[in-house]
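Participant: Residue numbers (my numbering), protein chains in the order written: chain A, 1 to 579; chain B, 580 to 1158.
My structure is below; once you've seen it, I'll send some questions.
Number of protein chains: 2
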Amino acid sequence: MSAIKVEIRTGAYYDSVILMQLQRTLAEQPGIIDAGVVMGTAANKDVLAQSDLLVPEAEVANPDDLVLVIKGKDESSAQAALDKVDELVASRRSSGGDEDYRPHSLETAAKMLPDAQWVLISTPGRYAAGVSRQALELGKHVFLYSDNVSLEDEISLKQYAASKGLLVMGPDCGTAIVNGIGLGFANKVRKGSIGLVAASGTGLQQICVRIHQMGRGITHALGTGGRDLTEAVNAITARQGLDLMARDPDTKVIVLVSKPPSPKVADELVRAARSADKPVVVDFIGYATASRRVDNIFFATTFDEAAELAVKLVDSEEDFASEPDISKFAKGQRYLRGLFSGGTLQYEVMLILENYLPVVYSNAPLYKKNKLEDSLVSVEHTLIDLGEDEFTVGRLHPMMDNDLRIRRLEKEARDPEVALILLDVVLGYGAHNNPAGDLAPAIAAGIKTAKDAGRHLEVVALVSGTDEDPQGMDGQIKLLEEAGAKVEISNDAAARYVGRTLQAIERAIDPPTVEKMQQVALESINKPMAGINVGLESFTESLIDQGASAVQMEWKPVASGSDKLAGILSRMKGKVRDE
Amino acid sequence: MSAIKVEIRTGAYYDSVILMQLQRTLAEQPGIIDAGVVMGTAANKDVLAQSDLLVPEAEVANPDDLVLVIKGKDESSAQAALDKVDELVASRRSSGGDEDYRPHSLETAAKMLPDAQWVLISTPGRYAAGVSRQALELGKHVFLYSDNVSLEDEISLKQYAASKGLLVMGPDCGTAIVNGIGLGFANKVRKGSIGLVAASGTGLQQICVRIHQMGRGITHALGTGGRDLTEAVNAITARQGLDLMARDPDTKVIVLVSKPPSPKVADELVRAARSADKPVVVDFIGYATASRRVDNIFFATTFDEAAELAVKLVDSEEDFASEPDISKFAKGQRYLRGLFSGGTLQYEVMLILENYLPVVYSNAPLYKKNKLEDSLVSVEHTLIDLGEDEFTVGRLHPMMDNDLRIRRLEKEARDPEVALILLDVVLGYGAHNNPAGDLAPAIAAGIKTAKDAGRHLEVVALVSGTDEDPQGMDGQIKLLEEAGAKVEISNDAAARYVGRTLQAIERAIDPPTVEKMQQVALESINKPMAGINVGLESFTESLIDQGASAVQMEWKPVASGSDKLAGILSRMKGKVRDE
């Protein structure tokens, strides 16, 4: 009963907004059941087939061909609709009246809007790299919405941009918010103090909206394109974005988000983030970590968690900029000796120290390769679990008897390479009734031994107990402090303190090489937004709606033919958001 | 100048408290520099060597020999101290006056204290398994403090105990708190509603003290011994403990802690924990997870985090006991179809669903093996990213143009195996100006299609946006809800809801096999504590200090010789905590 009519038009460029509009308008014609208006790619032909619109004439179309398929109740309805294509298009020309005043080149556009720092590009992928390069040559940042851009082009564009201190967000960058103005797809989010960098469009959007819903706001949300954290691209844009957010004084908390990244690139980016002197929330999808926090880095596993953590960190009183004071140590002092009575306390410290130190030896290590050859002889950074079976045959547990620990402490204190000694002091029933009474004199003596030899020995004591424990927690802490120890009551905090201090010593001895990068000027993102838009006109409308300055460039592919329909269709532009 | 005197005494059993006391007393004698009193194991001889006490006579001692080494300022001081050994010991006998009234067998002890549910064992490791088995035969739970117990003995004891509905905490179990009473090493922690199960002694203690410091308290803290989560032991005790805490009405939140576990055993234990109808905080050292939360499971990476999470969850309003209502679905409905415009939203959903569903197919999967052969044809559980490059050649992004999504939705709604359709609706600048206006009629039609065929189709819509977005978030939500969709504003929440529902359907179709276990009687841990202690007397003192009933059994190894010193030393017992 129904009838299908097909027309193939070859050799011209068609904007995807136009195709959508034409398809919709055709489908609304009298007697029409369905319509397909697509470029003749294999994927699009599959889509036509799904709607039973892929007739043989359409099947042979080329990717550059426009395919018009119309299914009518009967042949005459279908033909009538098809015959009306040019007329339908022409009837809408009234809305496109301003294109005569539009610049036809980036150079002209840049002259019309000299403040423009940004060029937004949403042309079809195969043309996008060329336009991007022109924009970079003019010294503009690029927001590259287009997808179907090759990886080679992405790498070359980003390397060129980085050498000039410019950003290329994208390709396939759906979203960004720069200084309050959304580029591409972007939610209206209040201003605040959270800065985002994301290799993920809707991830960035979801975190932004969740932050807004929780009552907080953002400084900037910088997109990088979904491939930025692959090994090939090596996070060029993410590094620039991170560096910008680290330098931006209004950004108090940074959020880094990515689609499943290359683990190697992700590790490196996290390493770079650790040198920021503000907290960084990291949500890399599928990136499993054995620690939830490392220094200023907070790992999240969902957008919700990332938003919650960021919002919480805005109010954090913690000083993420402070560096441990290592001037007190003598030259040559660099190692940790941890003397534990608690095996799991030791494991947790070891796990946390993995984030700070290359290797920690132990008689009970996390990995066999780090096992001490001789439990009685420390090597470099060493943690000893004195409660291990080897030490407790015919001997009381170190929670009851401190003799072995005190002997070891004396020995470690004499070692000129030792900077820090870490001890746990476990209170409670069953344990020694006054462990600090035993340990404090030994701590004082160890510190004196080092002092007499011109060194500074730092002793950190984790006191694990409650105010109701029989030993009296306050008194135990006082004894240890009076002996010169730094006391912590959280194992986690003790481990991080030790890790940070030793890392600072290592860095002073062997400073890490810092990658030289042409910095992106902070003011270029903190100025009022002005952008040149090439492609989807709705993006220009959005910019203007949001109060930014914008110029729409009149763009056609260089190779565009002179097909009559193309000319007519071009007059129809600019209607997508009013549909 | 200094002189060393040695004596080796063979063939008797010496309690480690006695050895420590004797060593201390000898070291305090006039003219004595240092003293060593140890069993002659290789490790102990190494320790003597570290203190320069390993003279040739001591070097040849056997593990069963008592080695007495005394270093004096001169030969006569050393000899004088050594000569005083028996006298020193004898002078302390006044404190040990009650051992005549002590039971010399577990049977007698059990008759003296018939309410005793527990036997605490801290004999040397080689005797501990035998005592444990006797205790189990008498129907008592075992708190097995001793270390140096073989893995074979551990497995055999735990299997036997499990078959009788009894617990073996340990070997090498340092700590537990049962019904407010600490066993072994235990902090005084207030009563509360957090229950702990731990293959980690000081980890358990540190979490307990942190919970106390944060103002909360615990119900029980059950130790399992550090090897419980190895593949060999297969978490027998941890499973029992978890089951107890799940059944205990006073326990609102469970915390599971372990030293680095076998990943396989850890996975299985987490699976078991998911069937608890209360939140479970899991802190397995070094156990990396890509999700921080799965259903009622909350992963922590440090003791501090575990305590914080547990304390927070005590106040949670969330109903962890509720099961999704799946009665509304028709037989045969079991699959999810997710139709996404946001690629990263889809990734996050996929990652979360890994915890609920065996496999989720996609055109943009996390793993290649889950890639759809044909993006247009869904297979079982399928998520489609309609913003992928394949769909956007010559076509607007699905955030601007819903045509493709609506066609797909119609198709999926007709599939009799589809139970749930998940859509994202992304608001903001640049996006469609009324996406719900496009999607709502299609959702209503899809639901109707299913209804007409006798099915219930559930449509879940994630609306990602803010109250300031140009589309108007409230209005968009209203349109979708009126069409019959369930609306979520968090992607995380949407994914978890979908996951839980589909998992419930799968379980109804193919119920998981539940391991049959002889349940441990809940009342046995919720009764007032009464224990028989075999070994370190300080543990009996602790029990009594804490208000529990306790009997100290007089224990000597069966093979004990009749050495004179052993007899003298045995009268010295019971002094460790008064030192």
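We put the CB at the ideal spot given by N, CA and C, even for glycine.
By the criterion of Cβ-Cβ separation under 7 Å, what are the contact partners of F303(A) in chain B?
Facilitator: Ordered by position in chain B, the residues that pass the 7 Å Cβ test against F303(A) are E927, N1070, D1071.
Participant: If you measure beta-carbon to beta-carbon, which residues of the segment 469-484 of chain A are closer than 8 Å to chain B?
Facilitator: The residues in question are D469, P470.
Participant: Taking DSSP's pairing of strands, which residues face Q1131(B) in a bridge?
Facilitator: According to DSSP, Q1131(B) bridges with N1112(B).
Participant: Would you please verify whether the beta carbon of K259(A) is less than 7 Å from any beta carbon of chain B?
Facilitator: Closer than 7 Å: yes.
Participant: Going by C-alpha distance, which of L204(A), K516(A), E7(A) is nearest G165(A)?
Facilitator: Here the closest residue by C-alpha is K516(A).
Participant: What number of angstroms, rounded off, separates the C-alpha of S146(A) from the C-alpha of V551(A)?
Facilitator: About 18 Å.
Participant: Mark S895(B) as exposed unless 16 or more other C-beta atoms lie within 10 angstroms of its C-beta, in which case mark it buried.
Facilitator: Exposed is the call here.
Participant: For the segment 178-190 of chain A, list every residue whose C-beta sits within 7 Å of some C-beta in chain B, in sequence order.
Facilitator: The segment 178-190 of chain A vs chain B, Cβ under 7 Å: G182, G184, F185, A186, N187, K188, V189.
Participant: Beta strand (DSSP E) containing E586(B): first to last residue?
Facilitator: Unbroken beta strand (DSSP E) run through E586(B): 582-588.
Participant: What are the boundary residues of the alpha helix (DSSP H) that includes R24(A)?
Facilitator: It spans 16-27 - the alpha helix (DSSP H) in which R24(A) sits, taken as one unbroken run.
Participant: Which one or two residues does DSSP pair with S926(B) in a beta bridge?
Facilitator: Residue 926(B) is actually Tyr in this sequence, not Ser. Paired residues: none, contrary to the question.
Participant: What is the rounded straight-line gap between the Cα of R974(B) and the Cα of R986(B)?
Facilitator: The alpha-carbon atoms of R974(B) and R986(B) are separated by roughly 15 Å.
Participant: Give me, in chain order, the residues of the same chain whose beta-carbon lies closer than 8 Å to that of K770(B); leave out the 5 immediate sequence neighbours on both sides.
Facilitator: Taken in chain order, the residues that qualify are G759, G796, I797, T798.
Participant: Under 9 Å between beta-carbons, which chain A residues line up against Q792(B)? List them in chain order, please.
Facilitator: Under the 9 Å cutoff, chain A gives T466, D467, I489, S490.
Participant: With burial defined as no fewer than 16 other Cβ atoms inside 10 Å of the residue's Cβ, what is the status of M580(B): buried or exposed?
Facilitator: So M580(B) counts as exposed.
Participant: Given that a residue counts as buried once 16 or more other Cβ atoms are within 10 Å of its Cβ, and exposed if not, what is P609(B)?
Facilitator: By the 10 Å Cβ count, P609(B) comes out exposed.
Participant: Does the ligand ATP have a heavy atom nearer than 6 Å to the CB of I700(B)?
Facilitator: In terms of ligand content, the structure shown is empty, and the ligand ATP therefore cannot be addressed.
Participant: Which term fits E417(A), buried or exposed, when burial requires 16 or more other beta carbons within 10 angstroms of its beta carbon?
Facilitator: Exposed.
Participant: Would a C-beta distance cut-off of 7 Å place T781(B) and T466(A) closer than the cut-off?
Facilitator: Contact: no.
Participant: When you compare only the Cα positions, how much space is there between D1071(B) and Q925(B)?
Facilitator: Each residue's alpha carbon lies about 11 Å from the other.
Participant: Any beta carbon from chain B within less than 7 Å of A288(A)'s own beta carbon?
Facilitator: Interface residue, yes.
Participant: Which first and last residues belong to the beta strand (DSSP E) in which G241(A) is found?
Facilitator: No beta strand (DSSP E) contains G241(A), which is instead part of the alpha helix (DSSP H) from 236-247.
Participant: Relative to the alpha-carbon of M978(B), which residue among A1015(B), V956(B), L955(B), E952(B) has its alpha-carbon at the smallest distance?
Facilitator: Ranking the options by Cα distance to M978(B), first place goes to A1015(B).
Participant: Looking at the C-beta of R850(B), does it have a partner C-beta in chain A at a distance below 7 Å?
Facilitator: With 7 Å as the cut-off, R850(B) does not count as an interface residue toward chain A.
Participant: Less than 7 Å between the beta carbons of A580(A) and V69(A), yes or no?
Facilitator: Nothing about residue 580(A) can be read from this structure; chain A reaches only from 1 to 579.
Participant: Hey, is V581(A)'s beta-carbon within less than 7 Å of any beta-carbon in chain B?
Facilitator: Residue numbering for chain A in the displayed model covers 1 to 579; residue 581(A) lies beyond these limits and cannot be assessed.
Participant: For R292(A), which of helix, strand or coil comes out of DSSP?
Facilitator: Coil, per DSSP.
Participant: Between the alpha carbons of G1007(B) and L988(B), how many angstroms are there, rounded?
Facilitator: When rounded, the distance between both Cα atoms is 23 Å.
Participant: Return helix, strand or coil for P1014(B), following the three-state DSSP convention.
Facilitator: Residue state, collapsed to three classes: helix.
Participant: Compute the Euclidean distance between the alpha carbons of S524(A) and E1047(B), then round it to the nearest angstrom.
Facilitator: Their backbone Cα atoms lie some 26 Å apart in a straight line.
Participant: Just by C-beta distance, which residues in the segment 387-417 of chain A are closer than 9 Å to chain B?
Facilitator: Flagged, chain order: G387, E388, D389, E390, F391, T392, V393, G394, R395, L396, H397, M399, M400, D401, D403, L404, R407, R408, K411.
Participant: Beta carbon of L26(A), beta carbon of A81(A): below 7 Å?
Facilitator: In contact: L26(A) and A81(A) (Cβ atoms closer than 7 Å).
Participant: If we define contact as Cβ-Cβ less than 7 Å, is A622(B) a contact residue for chain A?
Facilitator: By this cut-off, A622(B) is an interface position.
Participant: Please tell me whether V584(A) has its Cβ less than 7 Å away from any Cβ of chain B.
Facilitator: Summary: the structure shown does not reach residue 584(A), with chain A confined to residues 1 through 579, and so no result is reported for it.
Participant: With 7 Å as the threshold, decide whether the Cβ of G1016(B) is near any Cβ in chain A.
Facilitator: Judged by the 7 Å Cβ criterion, G1016(B) is not in contact with chain A.
Participant: Can you give me the Cβ contacts of A330(A) inside the same chain, cut-off strictly under 7 Å, excluding the 5 residues immediately before and after it?
Facilitator: So the list reads G454, R455, H456, once near-sequence residues are dropped.
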